[in-house]
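Residue numbers (the numbering used here): -15 to 119.
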């Protein structure tokens, strides 16, 4: 195994940063939101999500861990990832500030619950925040 971490994506670090025009809420004014790291150390995969509001979404809106089965999350991620990647590959049709990095999600690799859960939740968050549908 390589000492370098493979990352779900092109050495994929999903860094989705929205424009500076976002106005922080009063409760979060002055606070910097920490990135969410999705990792499976045994497989050496990692995704880092930097998207303001994702932490808040995870803890206030997203269904809790355990709500979805691993199989459900895998099926959803196998569906969403190719759509996401297609949009990354078409920056003239889709906002390149939203669809920045490809995600290499191999359906034959068992990423585990945490990776699948957080990736799925990011897709849910992105659809809600950017008012788009991954279909």
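For each residue, glycine too, the CB sits at the ideal point set by N, CA and C. Keep in mind the model is a prediction, meaning the values are calculated, not measured.
Residue burial annotation: residue 99 is buried, with at least 16 other C-beta atoms found within 10 angstroms of its C-beta. In this structure, the alpha-carbon of residue 49 lies about 24 Å from that of residue 67.
The way I'd put it, the region 86 to 98 doesn't touch the region 32 to 42; fewer than three beta-carbon pairs between them come closer than 8 Å. The DSSP-derived three-state label of residue 72 is helix. Residue 33 is bridged by DSSP to 20. About 6 Å separates the beta carbons of residue 118 and residue 107, which is inside the 8 Å limit, making them a contact pair. Membership of residue 41 in the alpha helix (DSSP H) is indicated by the continuous run 38 to 44.
A straight line joining the alpha-carbon of residue 105 with that of residue 80 spans about 20 Å. Distances from the CA of residue 112 to each of 37, 74 and 75 were compared; the closest alpha carbon is that of 37. Boundaries of the alpha helix (DSSP H) around residue 99: 97 to 113.
When the alpha-carbon of residue 93 is set against those of 116, 18, 62 and 33, the nearest one is in 62.
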